[in-house]
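Here's the structure we're looking at; comments come further down.
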Amino acid sequence: MPEVVAERSVLPPASPWRRSLLRFRRNRTAMAGLAFLAVLSALMLATLPWTLAGYDAQVLSLGRTPPSWSHWCGCDTLGRDLLQRCLFGGLISFAVGLGAALLSVTVGVLYGAVAALAGGRVDNAMMRFVDILYGLPYILLVILMKVAFERPMTGLIGHKPAANVVILVAAIGSVSWLTMARVIRGQVLSLREMPFVEAARAAGAGPLGILGRHLLPNLVGPIVVYATLAVPQAILQESFLSFLGIGVARPVPTWGVLAAEGVAAINTVVSFWWMLLFPCLFLGTALLALNFVGDGLRDAFDPKSS
Amino acid sequence: MRKTLMATLLLAGGVAVALRAPAPVPRADFTYINRGSFNTLDPGQMNYHQDIMVAMALWEGLTSPVPGTLEAGPGTAAPPFEVDADRRRYVFSLRPDARWSNGDPVTAADFVRGWRRAIEPGTADVYSELIAAHIEGARAYVNWRGEAVSVLSLVRQLQKGSPLDRKSAATALRTAAGAALLARLGFEPVEGGPDAAGGALDRLRSAPVDWERLGDELLDEHAAEMDRRFAQVGVRVLDPRTLEVRLARPAAYFLDLTWFPIYYPVHESIELLRERYKGRLLADTGIVAYDPQWTKPDYRRRGYPGLITNGPYRLTDWVFKQRLRMERNPHYWNAAAVRSATIESIDVEYQNSAWMLFEQGYADMMSDLAMDYTPELVRAVRRGLRDDVHAIPAFGTYYYELNARPVLWDGRPNPVADARVRRALALAVDRQQLVDHIVRLDNPVSATLVPPGQIPGYRSPPGLRRDPDRARSLLAEAGYPGGAGLAPIEILYNTGFRHEDAAQAIKRMWETELGVRVELVGRETKAFAEDKARGRFIVARSGWFGDYLDPTTFLDMLYSTNGHNFPGLRDARYDGLLDAAAVEPDPTRRLALLSEAEGYLLEGPAVILPLYTYVSVYAWKPNVRGLTPNPRMTFPFQYIYVEKR
Numbered sequence: 000m001p002e003v004v005a006e007r008s009v010l011p012p013a014s015p016w017r018r019s020l021l022r023f024r025r026n027r028t029a030m031a032g033l034a035f036l037a038v039l040s041a042l043m044l045a046t047l048p049w050t051l052a053g054y055d056a057q058v059l060s061l062g063r064t065p066p067s068w069s070h071w072c073g074c075d076t077l078g079r080d081l082l083q084r085c086l087f088g089g090l091i092s093f094a095v096g097l098g099a100a101l102l103s104v105t106v107g108v109l110y111g112a113v114a115a116l117a118g119g120r121v122d123n124a125m126m127r128f129v130d131i132l133y134g135l136p137y138i139l140l141v142i143l144m145k146v147a148f149e150r151p152m153t154g155l156i157g158h159k160p161a162a163n164v165v166i167l168v169a170a171i172g173s174v175s176w177l178t179m180a181r182v183i184r185g186q187v188l189s190l191r192e193m194p195f196v197e198a199a200r201a202a203g204a205g206p207l208g209i210l211g212r213h214l215l216p217n218l219v220g221p222i223v224v225y226a227t228l229a230v231p232q233a234i235l236q237e238s239f240l241s242f243l244g245i246g247v248a249r250p251v252p253t254w255g256v257l258a259a260e261g262v263a264a265i266n267t268v269v270s271f272w273w274m275l276l277f278p279c280l281f282l283g284t285a286l287l288a289l290n291f292v293g294d295g296l297r298d299a300f301d302p303k304s305s
Numbered sequence: 000m001r002k003t004l005m006a007t008l009l010l011a012g013g014v015a016v017a018l019r020a021p022a023p024v025p026r027a028d029f030t031y032i033n034r035g036s037f038n039t040l041d042p043g044q045m046n047y048h049q050d051i052m053v054a055m056a057l058w059e060g061l062t063s064p065v066p067g068t069l070e071a072g073p074g075t076a077a078p079p080f081e082v083d084a085d086r087r088r089y090v091f092s093l094r095p096d097a098r099w100s101n102g103d104p105v106t107a108a109d110f111v112r113g114w115r116r117a118i119e120p121g122t123a124d125v126y127s128e129l130i131a132a133h134i135e136g137a138r139a140y141v142n143w144r145g146e147a148v149s150v151l152s153l154v155r156q157l158q159k160g161s162p163l164d165r166k167s168a169a170t171a172l173r174t175a176a177g178a179a180l181l182a183r184l185g186f187e188p189v190e191g192g193p194d195a196a197g198g199a200l201d202r203l204r205s206a207p208v209d210w211e212r213l214g215d216e217l218l219d220e221h222a223a224e225m226d227r228r229f230a231q232v233g234v235r236v237l238d239p240r241t242l243e244v245r246l247a248r249p250a251a252y253f254l255d256l257t258w259f260p261i262y263y264p265v266h267e268s269i270e271l272l273r274e275r276y277k278g279r280l281l282a283d284t285g286i287v288a289y290d291p292q293w294t295k296p297d298y299r300r301r302g303y304p305g306l307i308t309n310g311p312y313r314l315t316d317w318v319f320k321q322r323l324r325m326e327r328n329p330h331y332w333n334a335a336a337v338r339s340a341t342i343e344s345i346d347v348e349y350q351n352s353a354w355m356l357f358e359q360g361y362a363d364m365m366s367d368l369a370m371d372y373t374p375e376l377v378r379a380v381r382r383g384l385r386d387d388v389h390a391i392p393a394f395g396t397y398y399y400e401l402n403a404r405p406v407l408w409d410g411r412p413n414p415v416a417d418a419r420v421r422r423a424l425a426l427a428v429d430r431q432q433l434v435d436h437i438v439r440l441d442n443p444v445s446a447t448l449v450p451p452g453q454i455p456g457y458r459s460p461p462g463l464r465r466d467p468d469r470a471r472s473l474l475a476e477a478g479y480p481g482g483a484g485l486a487p488i489e490i491l492y493n494t495g496f497r498h499e500d501a502a503q504a505i506k507r508m509w510e511t512e513l514g515v516r517v518e519l520v521g522r523e524t525k526a527f528a529e530d531k532a533r534g535r536f537i538v539a540r541s542g543w544f545g546d547y548l549d550p551t552t553f554l555d556m557l558y559s560t561n562g563h564n565f566p567g568l569r570d571a572r573y574d575g576l577l578d579a580a581a582v583e584p585d586p587t588r589r590l591a592l593l594s595e596a597e598g599y600l601l602e603g604p605a606v607i608l609p610l611y612t613y614v615s616v617y618a619w620k621p622n623v624r625g626l627t628p629n630p631r632m633t634f635p636f637q638y639i640y641v642e643k644r
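Protein chains in written order, with numbering that gives the first Met the number 0: chain A, 0 to 305; chain B, 0 to 644.
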């Protein structure tokens, strides 16, 4: 109904947040991506009781059976239903990716903004600390965190695979906030000299108010771009760590682990293609949708767009 | 114009000369690809199968293996061998026509040189045990030399003022040679714990001694006694063509050992490359050292003629991690029977590339296939789709090791410390499922550590076969009915090579049959090996291939002091049975004792959970002849040839 859209566009809502929301809703690809992610998440959550019971239900005699009506995505080498493993593994991957991205964005934004607003020696000290952490290989930090927190966390949660995932999220998140902190610091440094910030300061706004009302909306672009990059990166890092034996322990699946198993099943003699295809299909479409949503959010929150 | 043309032609000519490839070597009569690259060609220091196989082509021991059965057949010594009634003394007569690749005759002294080299500190390696354990007096000589070397090393460290490793220094001071050194300097002998040794060390360090002179004196005294001591080792030259060997105890399989590389002769030219210290034939620490390049075919230092060997082949080219080429040795006594004139081995790092090279005909044989799709290849053979891949049951077992220590490395109580729990785990495993659906090479399932049916005269004990009901009642008896109250059991494995799938399947079997909780710990290969060697596991994946056709090649691993006793088993009854077998002169009774030991090991302490017998997968072209598959995949190269069509 073009009339309605036209009518709304002539009467823009007052709040910048609602304006952004409206712009986002008009972005078709972004909405499609969001819808896809919502459907996928709902599906994975709704089937959780079924997948939780079945992700490690081995029927060894069904090993490597191709897709059929009883097993839509086929079976893996141990005769486990690949659909159940993909759905359950997706939840773990999402949890790791979103958790780690959220952690790194939160820490990075706060750290960078505080450093830039504080300025002077505090800023200098805080950024040198970031430089030091940059110098250390992230694998080393992840391993150290795992070694240090694995036992206490297992004791706290009481379930080793769950504790494993929590530590992995914490480890990946806490080593990947450095870039975010630098980017945000640079942005805040240039933004805080802008006339509108000076105007706000002259009007009597405190540093927290300036940060929340004036700086953050202007930072949404880089934050969202970084977050959309951070999610798939965390998912990939998780699968790399799992390969080294310090990630999620078998038999708990993640998309990365499932894809790695699938690659091993492809060769020049006989290929069990479904073991590679379906995990990659899930992983690829989810990452694509995440990117669409990220793009849409960036466009929507850009203060310069009308 | 003409000048330009001339210049262009000259330039083109120069480029052509510069780019000219070395003349291509014609393809060898037989070319093969190894699973791994060669590590060493020193017969005294070989551990790897590919090295041993090539050594068997280059050298020849007193005997050589009969293709297929691998029994000791005619070698450098001609049968019949003279054996005394107590079967502890052998006399070998060398063939008059046995020659080195430079034409020199092979003498009894060459064998003594090789064997002595194989046990001397500095040139000895893991397989030295095969000589030290079997030849009379060899162990005593090795120990005497080892002590002297450890004390001399300490003296040299004091001389150079280099930092001391306190633990090894204390061990050295506690030996007889160490006590003699302390007495000579007027110090008290070291008694008591490590602190006492530490005190002695501090006193030594501050003592006003000319360490260099003392070290040289000690070295000379030791060197003067060395030959007298070695004369007590049971290997003696009766005349240039006759060798007498005395054994520490009768060993039915001794002749089979004499074709193993550790028992090979070494040509006297190696002495040209012996490292000297101030004119002495020993290094300053008392070890016997040689220039490690002596195994190169074109090494010419100090007039060394390059590697000289006495086997069917001689080495012509060896480029580390690239290729190794050998040609027929014209001086070999049986050169007429050597089928292929040249043999080449090419190194390929990746299994997939190796397989493609084989498929495209660049190699006639590929050893030990380990691609992910190996089972598919074997299946294709079964279905008649191809005829160049061969699955051969191996003399090796895939098994799990269960930690026997009451407390784990990190202080936690060990959930499998109770033997009943370990037995329950063994009884709950469905080996047939594992073999049929995961390994898929039709491996024989095995409930025993020694592969059943491969050692003549050895009757394998039954072991713990699948019996879930008994497993559950054993677990309840141990105080964990239905797995309740038992801490999670961790399975340690190295990632890759399908170990992951096997571990997941076994986890599931234990969880469903016993109700126990199981967690998987995957580690990268090096970290895995280290964790296992240090006993940092509850359950760990393992595999072992037998070296010689006797149960002890497997069973000795669990002896309480053995370096491979990763589960930390300290069992007086098991050690006692092995000790009794070691001194039992009657071969039948000896094998019965060993069988009893294995039965007890599997059903009593149950620290070993055998799963299946390995299968070696080899590929060779249908026109390859004379290749005799056998469980140890040891086949003499001299019988192999490619039939021309």
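Idealized CB from N, CA, C, for every residue including glycine.
Check whether residue i and residue j have beta carbons under 9 Å apart
i: B:D545; j: B:G462; result: It is Gly, not Asp, that sits at residue 545 of chain B in the sequence shown. No, the Cβ-Cβ distance between B:G545 and B:G462 is not below 9 Å.
i: B:L610; j: B:A539; result: no
i: B:A645; j: B:A117; result: It is not possible to answer for residue 645 of chain B, since the shown part of chain B is limited to 0 through 644.
i: B:R324; j: B:V24; result: yes
i: B:D367; j: B:V616; result: yes
i: B:A427; j: B:A416; result: no
Residues that DSSP places opposite residue i in a beta bridge
i: B:L608; result: B:Y399
i: B:G521; result: B:Y492
i: B:M63; result: For the sequence presented, residue 63 of chain B should be read as Ser rather than Met. B:S63 pairs with B:G72.
i: B:V93; result: The question names Val, but residue 93 of chain B in the sequence shown is Leu. Partner(s): B:A76.
i: B:P597; result: Note that residue 597 of chain B is Glu in the sequence shown here, rather than Pro. B:E597 is not bridged to any residue.
i: B:W619; result: B:M364
i: B:A340; result: Per DSSP, none; premise fails for B:A340.
i: B:P104; result: B:R98
i: B:M325; result: B:L314, B:I342
i: B:R273; result: B:Y289
Residue i - DSSP class collapsed to helix/strand/coil
i: B:G12; result: helix
i: B:E243; result: strand
i: B:T587; result: helix
i: A:N217; result: helix
i: B:G542; result: strand
i: A:P1; result: Reliability of the predicted coordinates at A:P1 is poor, the pLDDT of 45 falling under 50, and no value is obtained from them.
i: A:R297; result: helix
i: B:A580; result: helix
i: B:A393; result: strand
i: B:Y331; result: coil
Extent of the continuous beta strand (DSSP E) to which residue i belongs
i: B:L314; result: 312 to 318
i: B:D238; result: 234 to 238
Endpoints, the alpha helix (DSSP H) within which residue i is located
i: A:G306; result: The requested residue 306 of chain A is not part of the displayed model; chain A covers only 0 to 305.
i: B:S681; result: With chain B covering 0 to 644 only, the question about residue 681 of chain B has no answer from this structure.
i: A:F195; result: 194 to 201
i: B:I32; result: No alpha helix (DSSP H) holds B:I32; the beta strand (DSSP E) holding it covers 29 to 32.
i: A:I138; result: 137 to 156
**Under 9 Å (Cβ pairs) to chain B, residues found in the segment 152 to 169 of chain A** = K159, P160
**Message:** Give me the subset of the segment 360 to 375 of chain B whose CB atoms are less than 8 Å from a CB atom of chain A, sorted by chain position.
**Reply:** M370, D371, Y372, E375
**Request:** Can you give me, in chain order, the residues of the segment 489 to 503 of chain B that have a beta carbon less than 7 Å from any beta carbon in chain A?
**Result:** T494, E499, D500, Q503
**Request:** Taking only beta carbons into account, state which residues of the segment 57 to 71 of chain A come closer than 7 Å to chain B, listed in chain order.
**Result:** Q57, L59, S60, G62
**Prompt:** Looking at chain A, which residues of the segment 520 to 553 of chain B have a Cβ within less than 9 Å of any of its Cβ atoms?
**Reply:** V520, G521, R522, E523, A526, F527
**Message:** Output needed in chain order: residues of the segment 255 to 289 of chain A with a Cβ under 8 Å from some Cβ in chain B.
**Reply:** A263, A264, N266, T267, V268, V269
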